[in-house]
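Novice: Structure provided below as structure tokens; questions to follow.
In the working numbering, the protein residues as written are 65 to 597.
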């Protein structure tokens, strides 16, 4: 019988109280294509062995039995690392930390399991370590296009949306700079879990896209690009990222470009997928209620049967040079409200300095902080302030933003925003500010650990950024952070020379810009042609 090998370790080690979540009601699945399709067999996808239904029996520990807690802690440690009988050759030596266990399959797939018998749902996240950072000239948006194609269905298993809906699965996908995620959340039962794993195995093995598949996906892509391009806030953020990264692909939008998508070549798309949509470039994360031994068996019989590719995942050698002066971007369009923002280069997510900067940024602009609120909102220079950390595998950015009302002056707001952020050495943080920021951060992490879908996202991101145990390392860094070191990173990174600022100025009649197009010299060059007898 499956034991609750997840939550109780959090109670003992982290002091985190994990509340039982309510039931997830079946809902229409959120997928990119809703084309009708024949029902998909529940016996398993094509060429992948089906998994027979097996009843689940869960055992748990009552919170009314504290005397058994220590005994449970010991048994859970052993249970987390125990493999089902006969699977020892399929999995490498497990790595366990705080009730979460990672397994490595022979084909390179990483499996991270976070069982929690207090939950009523299961969340499955299959992440490929590919995104806009892997895209080169002419490939803008290729990862995003593959995301749409997979969710639309494979040639052998078209339009799976109906099957998702029939099973009450909430299925979503997303593409970012470092990863492409496919996430399903459903009422816990092994039959749906095994079917979903088999579907992913078939999608990884049989996705031989045709030109017709691409043509069917492009209108949806173009519609999303149009929405993006009509949203000033998103356009400004992307232009600022482009100003911050001149060489690295982090300056590119994961959604891609109209030109690259309109001219995408099928052979290049297929080669791109064959390069990155492989088990050795994927991380499977499962959280919530499930039986770990049965789940490991299902993984071995589906994704575990895929061959390990013979190629090595290509390395990206691009290095972004140090910024040697502040950059500024101005966007003028019709409509919307004024915006001012500033971004600063910071280290990659795995760095200790990155974690400390999360606290530094929180103390300036997060809900409950007062510095930017007092200087911009209370004085009438802005209507709202916010901050966002963009953390990736190779680099990162910290952004501060102020949304203005129509009559407010962007130049004044930008000047005050820059001054508050960049003069912290003159107005240092206080211990009380750090304590409040620490509390806010830890409360958010507690909620993440108690939510299967949020937990799979956090584990997936941490895996791509170095190791899934980063979620615990970050927590410990936040707990241990001192005022001196938080002040140090703020003084070091939040400087004028490291700044990329941007302003959006709504304009009734923007000045038209001259357009350029490829030049055809043929007609003019004909005058130089000479007939040869």
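The beta carbon of each residue, even a glycine, is placed where N, CA and C say it ideally should be. Treat the numbers as computed from the prediction; the structure is a model and nothing was measured.
Which residue comes first and which comes last in the alpha helix (DSSP H) that contains residue 500?
Specialist: Note, residue 500: alpha helix (DSSP H), 495–514.
Novice: From what residue to what residue does the alpha helix (DSSP H) around residue 482 run?
Specialist: First-last of the alpha helix (DSSP H) with residue 482: 474–486.
Novice: In the DSSP assignment, the alpha helix (DSSP H) including residue 361 goes from what residue to what residue?
Specialist: Unbroken alpha helix (DSSP H) run through residue 361: 356–365.
Novice: Let me confirm a value: residue 296 is counted as buried when at least 16 other C-beta atoms fall within 10 Å, else exposed. Which label applies?
Specialist: Its Cβ being crowded by 16 or more others within 10 Å, residue 296 is buried.
Novice: At the level of alpha carbons, what is the spacing between residue 60 and residue 413?
Specialist: Residue 60 lies beyond the range of the chain shown here (65 to 597); nothing can be said about it.
Novice: Looking at the secondary structure, which residues open and close the alpha helix (DSSP H) in which residue 369 lies?
Specialist: Unbroken run through residue 369: none, as it is neither H nor E.
Novice: Evaluate residue 202 with the Cβ neighbour count: other Cβ atoms within 10 Å of its Cβ, from every protein chain shown; 16 or more gives buried, anything less gives exposed.
Specialist: The residue in question, residue 202, is exposed, as its Cβ has fewer than 16 Cβ neighbours within 10 Å.
Novice: For residue 398 and residue 441, what's the separation of their Cα atoms in angstroms?
Specialist: Those two C-alpha atoms are separated by around 25 Å.
Novice: On the premise that residue 174 lies in contact with residue 528, defined as a C-beta separation below 8 Å, what is that separation, rounded to the nearest angstrom?
Specialist: Residue 528 to residue 174, Cβ: 10 Å. No contact.
Novice: Between the C-alpha atoms of residue 385 and residue 350, what's the straight-line distance to the nearest angstrom?
Specialist: Spanning the two alpha carbons is a distance of roughly 38 Å.
Novice: Given a cut-off of 9 Å, decide if residue 209 and residue 333 are closer than it, judged by their beta-carbon atoms.
Specialist: Yes. Within cutoff.
Novice: Which partner residues of residue 587 appear in the DSSP bridge assignment?
Specialist: DSSP, once it has assigned bridges, lists no residue as partnering residue 587.
Novice: Have a look at residue 363 and residue 219 and give me their C-alpha separation to the nearest angstrom.
Specialist: Answer to the nearest angstrom: the Cα atoms are 23 Å apart.
Novice: For residue 238, which residues does DSSP report across the bridge?
Specialist: According to DSSP, which records beta bridges pairwise, residue 238 is partnered with 245.
Novice: Does the distance from the CB of residue 559 to the CB of residue 486 come in under 9 Å?
Specialist: Yes; because the gap between Cβ atoms is below 9 Å, this pair is in contact.
Novice: What span of residues does the beta strand (DSSP E) with residue 352 cover, start to end?
Specialist: Here the beta strand (DSSP E) through residue 352 covers 346–352.
Novice: Looking at C-alpha atoms only, which residue of 241, 309, 427 is the closest neighbour of residue 497?
Specialist: That would be 427, whose Cα lies nearest to the Cα of residue 497.
Novice: Closer than 8 Å by C-beta to residue 502: which residues in its own chain qualify, once you throw out the five before and the five after it? Chain order, please.
Specialist: Correct list, in chain order: 423, 542, 543, 545.
Novice: From the DSSP output, which residues share a beta bridge with residue 443?
Specialist: According to DSSP, which records beta bridges pairwise, residue 443 is partnered with nothing at all.
Novice: Can you list, in chain order, the residues of its chain whose CB lies under 7 Å from that of residue 241, leaving out five sequence neighbours each side?
Specialist: Same-chain partners within the cutoff: 195, 196, 197, 314, 318, 456.
Novice: Under three-state DSSP, which class holds residue 448?
Specialist: In this structure, residue 448 counts as strand in the three-state DSSP scheme.
Novice: Within its chain, find whatever has a CB closer than 8 Å to the CB of residue 569; leave out the 5 residues flanking it on each side and keep chain order.
Specialist: Hits under 8 Å: 394, 395, 396, 402, 474.
Novice: Report the residue from 221, 492, 205 whose alpha carbon sits nearest the alpha carbon of residue 549.
Specialist: Of 221, 492, 205, the residue nearest in Cα terms is 492.
Novice: Distance check for residue 365 and residue 156, CA to CA, integer angstroms please.
Specialist: The alpha-carbon atoms of residue 156 and residue 365 are separated by roughly 16 Å.
Novice: Flag this pair as yes or no: are the beta carbons of residue 160 and residue 251 separated by less than 9 Å?
Specialist: It is not a contact, given that the beta carbons lie outside the stated cut-off.
Novice: Using DSSP with H/G/I as helix, E/B as strand and the rest coil, what is residue 198?
Specialist: Looking at residue 198 - three-state DSSP - the assignment turns out to be helix.
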